[in-house]
Amino acid sequence: MSAMHNPAQLKESAAELHGGYDDEIDLHELIGVLRAGWQLIAACVAAALVLGLAYAVVAPPVYEADALLQVEDEHGSLLASDELAGLFGQPSAAATEMQVIRSRFVIGKVTDQLNLRIEAAPKRFPLLGSIFAGLHEGEEPAEAKLGLDGYAWGGERIEVGRFEVPREYEGKAFTLVALEGGRYQVLEPIDHGVVLEGRIGAETVSSEADFAIFVRELQARPGTEFSLVKKPWLSVVTNLQSRIKLSEQGSQTGVIRASLQGQDPSETLDILNAVMQIYLRQNVERRSAQAEESLRFLESQMPTLRANLEAAEERLNNY
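So in the working numbering, spot 202 of the sequence shown is number 203, and the numbers just go up one at a time.
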């Protein structure tokens, strides 16, 4: 026997199985919700657009420098080729040279040569300072805005050739204040006491010889503040090692592509050029040292070889 069910009872039972709710989407209800909250939606979209435009104006551009380097086989033999090295699971010559380029020996020399441990930058008012600085035109520093004389508003320049601090002060931000007549003061990070006071183009050393500074260039309104940091050597080297991107162009080509990104185009280019030059210089020096060592070895073997040759000639004549 089969039981007969009423269609209304079946619909009611299905509703109970689904928790008493209907799964159907009502488009009219959704459109009504959107119409009711259109002001909130429009405000969110407008806020997103404003934030996106503000970030596009404030965010500094990122520049990239790249270079190509060809690695030549030192031995020139078949057994030393990159193809056989790949077959036997050995690193190729390009992979080995990439490790040398990124080594602490090369990057450390670049850090010392370009004085990358010193970081000096003008202090800008949050958000608005970067916008005004980006819109500023001309060689002279911009006038202070909103009566905030301590902030930089565009056109400021500083170049510090030397900045020596005790080890416990490395990585901490000092404040350099521009004064009248090409003079400046350096303030401590915590209590803002005057550590050094000097003039542009002249080296200044503290009485205890713990602090020293040499400012090559300083262009700013009197009262403008700059952030001045002497970074630890190891942190600068480690950071630069992570920023340099190295890859082999193609498979087993021996051509290495080196690239570096940064916000300062001239500094980025200088760093990459210095890396390539120091690597090439040490490569030439290493090969010259190997050649000199081989020459010394051959010269040391000359007396023995000459004696053996004379003995062989004597035996030949006797025969």
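Note that the Cβ used here is the ideal one computed from N, Cα and C, for glycine as well.
- Looking at Leu147, Ala37, Glu157, the one whose alpha-carbon comes closest to that of Gly139 is Glu157.
- For Asp67, no alpha helix (DSSP H) segment is defined; the enclosing uninterrupted segment is the beta strand (DSSP E) at 64 to 71.
- The closest CA to that of Glu73, considering only Glu120, Gly194, Ala94, Ile279, is found on Ala94.
- Within 10 angstroms of the beta-carbon of Gly199 lie 16 or more other beta-carbons, which makes it buried.
- Taking the Cα of Ser228 as reference, the smallest distance to any Cα among Leu281, Pro304, Leu261, Ile119 is reached at Ile119.
- By alpha-carbon distance to Asp67, the top candidate from Leu273, Arg184, Arg36 is Leu273.
- Around the CB of Ala134, 16 or more other CB atoms lie within 10 Å, so the residue is classed as buried.
- In the DSSP assignment, Phe164 is bridged to Ile214.
- Judged by DSSP in its simplified three-state form, Glu209 adopts coil rather than helix or strand.
- Counting along the chain, Ser104 sits inside no alpha helix (DSSP H), nor does DSSP assign it H or E at all.
- Three or more Cβ pairs closer than 8 Å define a contact, and the region 173 to 188 meets that threshold against the region 209 to 225.
- Around the beta-carbon of Gly130, 16 or more other beta-carbon atoms lie within 10 Å, marking it buried.
- In this model, Ala96 and Glu249 are separated by some 8 Å (Cα to Cα).
- In the three-state DSSP reduction, Ala121 falls in the strand class (E or B).
- Put simply, the backbone Cα of Leu310 is about 20 Å away from that of Arg297.
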